[in-house]
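Colleague: Just remember that this note's numbering sits 80 ahead of the position in the sequence shown, which is counted from 1.
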Amino acid sequence: MEGCFSSDLKPFYDRFFELLGEESEVNGKFVVKEVIYHFAMVQFRNTHGFGSGKVEYNEKVFEEIQSEFGRIFEEFAGFCLRKGGDETYINSVMREWLIDFSEKLGLNDLN
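1. Under a three-way DSSP split, which group does residue 111 fall into?
2. Please report how far the alpha carbon of residue 133 lies from the alpha carbon of residue 90, in whole angstroms.
3. Could you give the DSSP three-state label for residue 147: helix, strand or coil?
4. Quick one: Cα of residue 157 to Cα of residue 124, how far?
5. I need the straight-line Cα distance from residue 92 to residue 159, nearest angstrom please.
6. Give me the Cα-Cα distance between residue 146 and residue 172, rounded to the nearest whole angstrom.
7. Taking C-beta to C-beta, are residue 111 and residue 105 nearer than 8 Å?
8. How about residue 92: is its Cβ closer than 7 Å to a heavy atom in the ligand ATP?
9. How long is the line joining the alpha carbons of residue 179 and residue 120, rounded to whole angstroms?
10. I'd like to know whether the C-beta of residue 126 is nearer than 8 Å to at least one C-beta of chain B.
As structure tokens, this is what we get:
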């Protein structure tokens with residue numbers, strides 16, 4: 081598999097970033113930070129590098145964001161698996177992307 085930002089993976093990167101950017105504008109950065117934190121907790125079984133948004137959120141809104149994020153992730157993971165990637169590769173790409181998204185969206189500056 082090529083690097084994390086290969087042209088084949090860029091559409092997935094863009095879809096994730098668009099979703100998180102839109103949700104950041106509509107529902108706030110703290111909610112997006114919480115979505116990323118929950119994803120890291122479940123997918124990586126490790127939240128090192130990711131902090132909780134520590135926000136009271138509307139359960140329905142949160143579930144909708146997680147659901148859409150999950151749909152994109154399933155497509156991304158399936159694509160990587162078909163191209164010869166494995167769980168370690170998929171998780172390393174997602175970890176790198178989530179750190180990048182957090183920086184670009186200013187989530188790391190939230191207390």
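The C-beta atom is built at its ideal place from N, Cα and C for all residues, glycine as well.
Modeller: According to the structure shown:
1. helix
2. 27 Å
3. helix
4. 14 Å
5. 10 Å
6. Rounded to the nearest angstrom, the two C-alpha atoms are 20 Å apart.
7. no
8. Among the ligands in the structure shown, none appear at all, so the ligand ATP cannot be discussed.
9. In a straight line, the C-alpha of residue 179 is about 11 Å away from that of residue 120.
10. Although the question refers to chain B, the structure presented lacks it and comprises just one protein chain.
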